[in-house]
């Protein structure tokens with residue numbers, strides 16, 4: 001049986017300072033076992049400015065068992081699957097404790113965005129890129145944030161169309177946009193300069 | 001393979017299993033173990049261990065003989081990483097039930113209040129531990145007889161075998177242990193540094209607070225100090241050589257700060273590498289379950 005009163009207390013706690021903490025939770029009507037968490041991308045990282053949605057499922061033995069968390073928003077990060085959003089984080093496995101809460105778990109995910117651990121990867125391809133070609137990693141991560149984690153993320157497609165209309169090939173325009181983290185003007189400068 | 005050219009086909013077969021898959025696997029292993037033994041077993045004569053080590057090391061057998069001079073029975077705890085806490089819980093409550101020490105119940109309630117304050121001062125949200133605290137206090141009150149809420153020894157055994165009750169109390173003890181270690185971090189730091197490269201806070205997060213993390217000296221000192229309960233650990237291990245000096249059985253008494261060091265602990269645990277069980281002095285009252293006819297020499301326990 002899910003410890004309903006504990007979950008309700010947690011929701012009150014997270015609501016209280018969601019503006020300060022940068023993490024929040026919404027519940028689906030009448031079902032305390034399924035929620036959506038949101039995490040603000042940390043400053044000074046390629047995820048800055050993005051809002052990342054996390055699917056949260058509570059097992060019936062919660063809080064003795066960890067919540068199941070998975071990114072819904074696509075993220076380019078060594079410890080998060082670029083395909084399905086699965087997360088590699090010890091506190092969501094054997095290091096979970098009832099001393100932790102949904103809020104501390106989401107804050108840990110936010111911390112994970114700031115400090116990737118490529119030696120213990122979830123996504124081997126992203127981790128390799130992080131270790132061997134950091135600049136490209138940063139570009140791709142920023143581009144994914146721009147494309148998937150920002151409101152009106154469709155903008156990236158329009159930017160691409162615009163650049164193509166200006167006469168650049170779609171491939172070079174996309175590469176330029178990726179390298180500039182989706183910044184259209186910077187990409188144009190790069191295309192003209194190069 | 002040049003991975004940088006492969007960014008459009010990320011992940012693929014190289015993806016690790018998902019966290020919940022790993023967790024489920026972990027749980028299945030634990031569950032398979034769990035079927036073998038109750039969280040706390042029946043009281044058994046110490047001779048059951050002789051049977052266990054019959055084909056084993058002569059050092060163990062020699063030590064068992066010495067052990068039998070002082071101790072008569074054992075009660076096993078399930079080996080799921082929580083055995084120290086489960087053994088402590090049962091041993092402490094059973095002793096209180098037998099001797100009906102109301103003053104100790106009152107003292108313990110005060111100690112719990114201080115532990116609660118410590119945790120709140122450390123920034124632990126009260127809702128994360130208040131239910132576990134309440135369940136321990138409920139068990140504590142139950143052992144004093146003559147009230148509606150009183151529990152018999154039989155009921156105590158039942159409660160301590162109930163997964164939910166037992167896990168809640170284990171978790172409360174883990175909170176108390178973590179709180180005490182962090183409150184006195186300067187004292188505990190050298191011990192922790194000697195065992196691992198972790199900071200005090202990291203150690204508590206990784207080795208104290210998660211269920212199933214095994215206990216070491218640091219945990220025992222912290223829990224014993226915080227709750228003010230002396231604990232004796234008797235070590236049944238390979239140390240000592242038969243051909244050298246006579247074999248001795250090592251024991252260590254964990255006496256809470258400020259308590260007379262000559263005190264004789266009532267919580268007595270038997271430690272075998274990686275595991276704790278409950279040990280009973282000879283002549284201790286309580287029922288020993290006869291497991292076979294050969295062990296009918298239980299009268300002199």
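Chains as they are written, first to last, in full-length UniProt numbering: chain X, 1 to 194; chain S, 1 to 301. Built from N, CA and C at the ideal position, the CB exists for glycine as well.
Problem - Bridge-paired residues (DSSP) for residue 68 (chain X) - result: Residue 68 (chain X) sits at position 68 when you count from the first residue of the first chain. Partner(s): X:57.
Handout entry: Residues that residue 277 (chain S) bridges to, as DSSP identifies them
Key = As a working note, residue 277 (chain S) is residue 277 in the second chain. The partner list for residue 277 (chain S) (beta bridge, DSSP) reads S:270.
Handout entry: Beta carbon proximity, residue 4 (chain X) to chain S, threshold 8 Å
Key = Translated into the one-based positions of the first chain, residue 4 (chain X) becomes position 4. Chain S contact via Cβ: absent.
Handout entry: Closest Cα partner of residue 196 (chain X) within the set X:156, X:185, X:21 and X:139
Key = There is no way to answer for residue 196 (chain X), as the model of chain X reaches only from 1 to 194.
Practice task
Just the C-alpha distance for residue 173 (chain S) and residue 223 (chain S), rounded to the nearest angstrom, thanks.
Solution key: Here residue 173 (chain S) refers to the residue found at position 173 when the second chain is read from its first residue. Here residue 223 (chain S) refers to the residue found at position 223 when the second chain is read from its first residue. Straight-line Cα distance between these residues: approximately 7 Å.
Practice task
Could you tell me the boundaries of the beta strand (DSSP E) in which residue 35 (chain X) lies?
Solution key: Taking the first residue of the first chain as position 1, residue 35 (chain X) is located at position 35. Where residue 35 (chain X) is concerned, the enclosing beta strand (DSSP E) stretches over 31–40.
Practice task
Starting from the beta carbon of residue 64 (chain X), find every residue of chain S whose beta carbon is closer than 7 Å, and list them in chain order.
Solution key: Counted from its first residue, the first chain places residue 64 (chain X) at position 64. Residues of chain S passing the Cβ test: 167 and 211.
Exercise for the section: Can you have a look at residue 44 (chain S) and say buried or exposed, based on whether 16 or more other CB atoms are within 10 angstroms of its CB? Expected result: For the purposes of this step, residue 44 (chain S) is identified with residue 44 of the second chain, where counting begins at 1. Per the 10 Å Cβ criterion, buried.
Problem - Minimum Cβ-Cβ distance from residue 196 (chain S) to chain X less than 8 Å - result: Within the second chain, the letter at position 196 stands for residue 196 (chain S). No, residue 196 (chain S) does not count as interfacial toward chain X.
Handout entry: residue 237 (chain S) versus S:40, S:188 and S:67, residue with shortest Cα-Cα distance
Key = By 1-based counting over the second chain, the position of residue 237 (chain S) is 237. Considering only alpha carbons, the answer is S:67.
Exercise for the section: Establish whether the CB of residue 101 (chain X) and some CB of chain S are separated by less than 8 Å. Expected result: In the first chain, residue 101 (chain X) corresponds to position 101, counting from 1. Closer than 8 Å to some Cβ of chain S, the Cβ of residue 101 (chain X) qualifies, so yes.
Exercise for the section: Over the uninterrupted beta strand (DSSP E) stretch that includes residue 254 (chain S), give me the two end residues. Expected result: Here residue 254 (chain S) refers to the residue found at position 254 of the second chain. Unbroken beta strand (DSSP E) run through residue 254 (chain S): 250–254.
Exercise for the section: Could you say if the stretch 151–166 of chain S and the stretch 100–112 of chain S meet the contact criterion of at least three C-beta pairs nearer than 8 Å? Expected result: no
Problem - Nearest residue (CA-CA) to residue 98 (chain S), options S:140, S:230 and S:232 - result: Counted from its first residue, the second chain places residue 98 (chain S) at position 98. Answer by Cα proximity: S:140.
Handout entry: Supposed close pair residue 37 (chain X), residue 106 (chain X) - CB separation, criterion 8 Å
Key = Reading the first chain from its first residue, position 37 is the one you call residue 37 (chain X). Reading the first chain from its first residue, position 106 is the one you call residue 106 (chain X). Going by Cβ atoms, the distance from residue 37 (chain X) to residue 106 (chain X) rounds to 5 Å, so yes, they are a contact pair.
Problem - Proximal residues to residue 192 (chain X) (C-beta, below 8 Å), its chain only, five neighbours per side dropped - result: What you label residue 192 (chain X) is simply residue 192 of the first chain in a count that begins at 1. Answer for residue 192 (chain X): no residue qualifies.
Exercise for the section: Name the two residues that bound the continuous beta strand (DSSP E) containing residue 25 (chain X). Expected result: Within the first chain, the letter at position 25 stands for residue 25 (chain X). Start and end: 23–28.
Handout entry: Pairwise C-alpha distance: residue 12 (chain X) and residue 86 (chain S)
Key = The residue you call residue 86 (chain S) lines up with position 86 of the second chain. The residue you call residue 12 (chain X) lines up with position 12 of the first chain. Each residue's Cα considered, the two are about 32 Å apart.
Practice task
Taking only runs that begin and end inside the stretch 79–117 of chain S, name each unbroken beta strand (DSSP E) of 3 or more residues, in chain order.
Solution key: none
Exercise for the section: Give the DSSP-derived three-state secondary structure of residue 213 (chain S) in the structure shown. Expected result: What you label residue 213 (chain S) is simply residue 213 of the second chain in a count that begins at 1. Residue 213 (chain S): coil per DSSP, three-state reduction.
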